[in-house]
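In what follows, a structure is listed as structure tokens, so that the remarks can point back to it.
In the working numbering, the protein residues as written are 156 to 357.
Structure below.
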């Protein structure tokens with residue numbers, strides 16, 4: 156009986172020692188489990204940290220090397236995706252800060268931003284340009300941004316909320332929606348449609 160108790164006790168001590176050794180190894184590791192970022196101080200300043208509340212005033216800094224291990228190829232890990240719903244949320248909130256804009260519906264796809272808003276502005280062109288700039292401040296420059304103050308299109312925009320880039324007929328449907336939005340008098344640059352050559356000759 157005593158031998159059994161002693162054996163169990165020795166196993167427990169060995170397990171604790173092993174865990175402590177693993178923790179020490181992880182603590183002293185030059186390259187922690189963080190892709191190809193390098194940990195240079197205890198604050199982990201150059202490793203991406205998950206956002207926390209009340210940290211909006213902090214600067215962002217991350218240092219990357221081609222690879223911390225010679226010969227290792229990490230290029231397939233260098234591509235990130237964005238949370239399109241979060242982007243749409245940010246754009247919508249920004250747009251409600253525009254004077255005379257009260258109700259905003261925003262759809263973000265893989266390459267477009269569609270914004271339908273309700274406004275009582277007396278200068279629709281200026282309002283459209285401000286809404287456009289709000290979206291431009293959030294997404295990369297290669298996104299096409301379309302705005303419309305025709306609130307009848309809101310339901311069509313919302314109908315794509317549960318779809319994704321792989322949904323059947325999504326792209327053709329969005330193209331039709333964009334065509335309808337452009338009939339509001341503003342193109343994707345937030346400026347009035349240019350008159351056609353026939354109109355110029357009239």
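Here a beta-carbon is modelled for each residue, glycine too, at the ideal position from N, C-alpha and C.
Just so it is clear, the structure is predicted and the values come from calculations on it, not from any experiment.
The shortest C-alpha to C-alpha distance from residue 258 to any of 242, 221, 306 and 215 is the one to 306.
The distance from the Cβ of residue 339 to that of residue 303 is about 4 angstroms, consistent with a contact at the 8 angstroms cut-off. The DSSP assignment places complete alpha helix (DSSP H) segments of no fewer than 4 residues inside the stretch 241 to 326 at 279 to 291 and 309 to 313, in order along the chain. Within its own chain, the residues whose Cβ lies closer than 8 angstroms to the Cβ of residue 294, once the five positions on either side in sequence are excluded, are 242, 246, 263, 268 and 300, listed in chain order. Rounded to whole angstroms, the gap between the alpha carbons of residue 282 and residue 310 is 21 angstroms. Rounded to the nearest angstrom, the gap between the Cα atoms of residue 236 and residue 254 is 32 angstroms.
Spatial neighbours of residue 312 in its own chain (CB-CB distance under 6 angstroms, excluding positions within 5 residues in sequence) are listed in chain order as 260, 262, 269 and 271. Taking the CA atoms as reference points, residue 266 sits about 10 angstroms from residue 320.
Looking from the CA of residue 279, the closest CA among 298, 324 and 256 belongs to 256. Counting only residues of its own chain and dropping the five nearest sequence neighbours on each side, residue 297 has a CB closer than 8 angstroms to the CB of 266.
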